[in-house]
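Residues 1 to 231 in the numbering used here are what the sequence shown lists, from first letter to last. In this text, a Cβ means the ideal position worked out from N, Cα and C, and glycines have one as well. For reference, the structure is listed below as structure tokens.
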Amino acid sequence: MFGIKMRASREGKHISGGERLVSEEKIEEAVLELLRKALTHENGKPDFINIKIEKIDKVNYIKALPIKTITCKNKKEAREVAKKILLEEGIPEEVVEKAFKIIDKGGMRGAAILNLNGERLEPDRERGVRVKNIDTSERLKEKILKEGLGTERTVDAIAIASKVIRLGIIAELCTSDNKSYTTGYVATKKGYFRITNLKNINEPGGRVFFVKDIDEELIKRLEEEAYIIDL
Ligand code: PML
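Next up, the structure:
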């Protein structure tokens, strides 16, 4: 398999990124798809696009978390729903509130990591931890889109969420960087809960992983181990 990664920026500021894990004969198609994504992103036109292709020796196949959408009428209601799911996983309320502040501030390319005392554990606070070497199988992607379980954003995010939960992260909270995309999610071992209106239009987004503890080895696995998420 080959990992293909794209990142696009303007005046040094990140605009979009994406990745695919594909067999050799699909490289060309995947590169074009990522290039199109870079050139048409709603957050702006890039002046720099980087596309990297590398061979990956070992790929793990895992099942996607079950997807459920919870419709909320506004951000306040959505935050209550997210909080309830996180409290059920044993995340203290003050740690959930801290996570909301982190995603609302935005500006991180990767995820912040919080332990149950609310301490930040990611080694680089500007960058965060970036979950890489992931993709969604064609049939899972088709199921999500055809059955209306989610959107293209879900197809990307279910790969991140399923991998991190498999690696032992207790829960993930996420809102999109895309200005107009207001549906976010909470993922736990019980599922991937899409929550509408988890942020307001034009607000930044972010990602937080909740852990008991984390070490260098787990960060390396989150960033490097390759996973294709399937049905
Ligand atoms: C992102 O843009 O990376 C976050 C995606 C959130 C997806 C929520 C959904 O499933 O609709």
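Presumed contact (8 Å Cβ cut-off) between residue i and residue j, rounded CB distance
i    : j    : result
K179 : N200 : Rounded, the Cβ-Cβ distance is 10 Å, inconsistent with contact.
N115 : V211 : 6 Å
K75  : K5   : Between K5 and K75 the Cβ distance is about 32 Å, and since that is not below 8 Å, they are no contact.
L87  : E93  : 7 Å
Contact set for residue i: own chain, Cβ-Cβ below 6 Å, skip 5 residues either direction
i    : result
A8   : I15, S16, A38, P46, I49
R36  : none
Y61  : I228, D230
C174 : G184, Y185, R207
Closest Cα partner of residue i within the set the options
i    : options                : result
E172 : K146, T182, A82        : A82
K105 : R207, K146, K55        : R207
L65  : Y185, G205, P204, E216 : Y185
D124 : L21, C72, E216, R79    : E216
K190 : P204, I169, R127       : I169
L121 : I214, R139, C72        : I214
E24  : L34, E77, E54, V96     : E54
G148 : P92, R194, C174, E126  : R194
R10  : G18, K26, H41, G205    : H41
G205 : F100, T151, K143       : F100
Neighbourhood of residue i by C-beta distance below 8 Å, restricted to the same chain and skipping five residues each side
i    : result
N43  : I15, S16, D177, N178, K179
V131 : G110, A111, I160, K163, V164, L222, E223
L167 : L218, R221, L222, E225
R153 : S176, N178, Y181, T183
E77  : N197
E19  : G3, I4, K5, M6, L34, K132, N133, I134, D135
Residue i (DSSP reduced to helix, strand or coil)
i    : result
R127 : coil
R109 : coil
E147 : coil
T154 : helix
K212 : coil
K179 : coil
D135 : strand
L39  : helix
A8   : strand
I229 : strand
A159 : helix
A64  : coil
I201 : coil
L121 : coil
I85  : helix
I49  : strand
Distance CB(residue i)-CB(residue j) smaller than 7 Å
i    : j    : result
I188 : T196 : Note that residue 188 corresponds to Thr in the displayed sequence, not to Ile. The answer is no: Cβ separation not under 7 Å.
V129 : K141 : no
I67  : Y192 : yes
I56  : A226 : yes
G3   : N133 : yes
M1   : V59  : yes
G118 : K98  : yes
L231 : R127 : no
Same chain, Cβ closer than 7 Å to residue i, neighbours up to 5 away in sequence not counted
i    : result
T136 : V155, I158, A159, I229
C299 : Missing from the structure shown is residue 299; the chain here goes from 1 to 231 and no further.
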